[in-house]
Ligand code: EPZ
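What follows is the structure, encoded as structure tokens:
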């Protein structure tokens, strides 16, 4: 298996260009299924989850062409059978968006139950509740969710929990339904807004995205368009955290500072200096971080996808910090890994109590999921000695060119190819 080898202790200086948002791309690509034309999506990250989603559409009959590393052209009119099998979608949580998109176009969908990161139960009851109010019936049969409706009629749904996926799926299923749909207790994440903007560019009539009430008037057709995806707030936050942990002075380009507000506020509370410009942020840190408490919440609260990263920062902060995970049931599987690097922390219910220590020491660790993997990289960069991170396929799902971006600002990190399982691309020829 490939792994990352990190020699810790380097201060990071320079510039990193942030890629397009993974969680916007994996929603916008299936949304193309609803289009009656050809769509070109720009500023997409070259990562496994995005390439995987494009491949699913291709296997279903869409024409998918990579224009270049960060642009893709899709014509989904070739999809005739609204079925996404387990083999096609097995390890991709975002495959659940195929339910909304296929239902919205065909009034029918058969999609294998999603996989994805392993941090507790990942239900879809709210997604099904939304489809139900539009007139769709569902059944779960041999691992497939089967949806069908004679027709889809706009209605009102009040979600029991604020769910990014259920909000996105409800927009996809209702955008061409007859009449008006209202989504109450909607998620407000930037990628929810980006999807609404993409659909409106195609001719949809969606208002209120980014607030907790979204109103949708169904339309007949959605035309093909060219659309550029927003920058990735979590990728940006991850690199901000890396600079905070190693010390240094790094400018992140191609960001929307407003999307980073809760991360910026928390890092400033810890003593990090952050300068916001129109489409960049400068992160500067040259001293020990201060302790603080963090509680993850739906947007605009502190993002759960930054929870492992911020916890790592607090392992060397002076004093006791508490990080509470209020979105997911169990997103602390990485704790045992950083404990092996000398961190002093213990999980108590939905929180982890962190006692700051003087230093972390490098050790062999593994990525337990995508964001935990990113946190392991941060831990290695700020530890003394050598850290190896295994199971890095999790990281490749969501971070484009992570080695190039980090070595470009002075990190000592490389990808080690296991002679049996894989060889460096340049040697593949
Ligand atoms: C999206 O997952 C993201 N994934 C996750 O990011 C992110 O952690 C999460 O939103 C929260 O921001 C993508 O966008 C592909 P939810 P999603 O529905 O939509 C409960 C990453 O690292 N819930 O907002 O699956 C659920 O159990 C990934 O990029 C129900 O109870 O998350 C959770 O406790 C990891 N019933 C809470 O809501 C439902 O039907 C929030 O989940 C749906 C969700």
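In the working numbering, the protein residues as written are 53 to 481. Glycine is no exception: its CB is placed at the ideal position from the N, C-alpha and C atoms.
- Item | Sequence-distant residues of the same chain with beta carbon closer than 7 Å to residue 432, five excluded per side | Excluding residues within five positions, the ones whose Cβ falls inside 7 Å are 58, 60, 414, 439, 441.
- Task: Tell me the start and end of each unbroken beta strand (DSSP E) in the stretch 100–167 that is at least 3 residues and wholly inside, in chain order.
- Result: 115–120, 123–127, 160–164
- Which of the three DSSP states, helix, strand or coil, is assigned to residue 416? strand
- Message: Taking only three categories from DSSP, how would you classify residue 464?
- Response: coil
- Query: Can you check whether the CB of residue 93 is closer than 8 Å to the CB of residue 114?
  - Reply: no
- Message: Just to confirm my understanding: we take residue 273, look at its own chain, exclude 5 residues before and 5 after, and list those with CB closer than 6 Å. What are they?
- Response: 88
- So, are the CB atoms of residue 487 and residue 366 less than 8 Å apart? Nothing can be reported for residue 487, as the shown portion of the chain is limited to 53 through 481.
- Message: Can you look up residue 391 in the DSSP assignment and give me helix, strand or coil?
- Response: helix
- Query: Around the Cβ of residue 55, are there at least 16 other Cβ atoms within 10 angstroms (buried) or fewer (exposed)?
  - Reply: Under this definition residue 55 is a buried residue.
- Message: Less than 6 Å between C-beta atoms, sequence neighbours within five positions excluded: which residues of the same chain meet that for residue 347?
- Response: The answer, listed in chain order, is 376, 378.
- What is the DSSP secondary structure of residue 373, reduced to helix, strand or coil? strand
- Item | For residue 266, the three-state DSSP class (helix, strand or coil) | strand
- Candidates 332, 97, 136: closest to residue 120 by CA position: 97
- Item | Assumed close pair residue 159, residue 111 - CB separation to whole angstroms, cut-off 8 Å | In this structure residue 159 is not in contact with residue 111, their Cβ atoms being roughly 22 Å apart against a cut-off of 8 Å.
- Item | Range of the contiguous alpha helix (DSSP H) that encloses residue 181 | 177–185
- Query: Where do the ends of the alpha helix (DSSP H) carrying residue 321 lie?
  - Reply: 313–321
- Boundaries (first-last residue) of the beta strand (DSSP E) holding residue 280: 278–280
- Task: Determine, using beta carbons only, whether residue 421 and residue 445 come nearer to each other than 8 Å.
- Result: no
- Item | Local conformation of residue 249 per DSSP, three classes | helix
- Message: Measuring straight from C-alpha to C-alpha, what distance separates residue 184 and residue 86?
- Response: 19 Å
- Output yes or no for whether 8 Å exceeds the beta carbon distance between residue 77 and residue 116. no
- Query: Candidates 182, 210, 163: which alpha carbon is nearest residue 192's?
  - Reply: 163
- For residue 457, which of helix, strand or coil comes out of DSSP? The DSSP-derived three-state label of residue 457 is helix.
- Message: Measuring only from the beta carbon, is residue 422 closer than 7 Å to any heavy atom that is part of the ligand EPZ?
- Response: yes
- Meets three-Cβ-pair contact criterion under 8 Å: the stretch 299–314 and the stretch 332–344: yes
- Task: Using the Cα positions of residue 236 and residue 452, report the straight-line distance between them to the nearest angstrom.
- Result: 34 Å
- Message: What ranges does the alpha helix (DSSP H) occupy inside the stretch 206–261, keeping only unbroken runs of at least 4 residues that lie completely in it?
- Response: 216–226, 242–253
- Task: Could you check which residue in 151, 139, 150, 196 has the C-alpha nearest to that of residue 165?
- Result: 196
- Task: Use the C-beta contact count for residue 67: other C-beta atoms within 10 angstroms, 16 or more gives buried, fewer gives exposed.
- Result: exposed
- Query: Which residue spans inside the stretch 274–310 form an unbroken alpha helix (DSSP H) run of at least 4?
  - Reply: 285–298
- Taking all protein chains shown into account, do 16 or more other C-beta atoms lie within 10 angstroms of the C-beta of residue 398, making it buried, or fewer, making it exposed? exposed
- Look at the alpha carbon of residue 150 and the alpha carbon of residue 82, and state the distance between them as a whole number of angstroms. 6 Å
- Where residue 295 and residue 206 are concerned, what is the direct C-alpha to C-alpha distance, given to the nearest angstrom? 47 Å
- What's the gap between the Cα of residue 218 and the Cα of residue 249? 17 Å
- Under 8 Å between C-beta atoms, does residue 206 make it to chain E? Although the question refers to chain E, the structure presented lacks it and comprises just one protein chain.
- May I have the straight-line CA-CA distance separating residue 284 from residue 261, to the nearest angstrom? 18 Å
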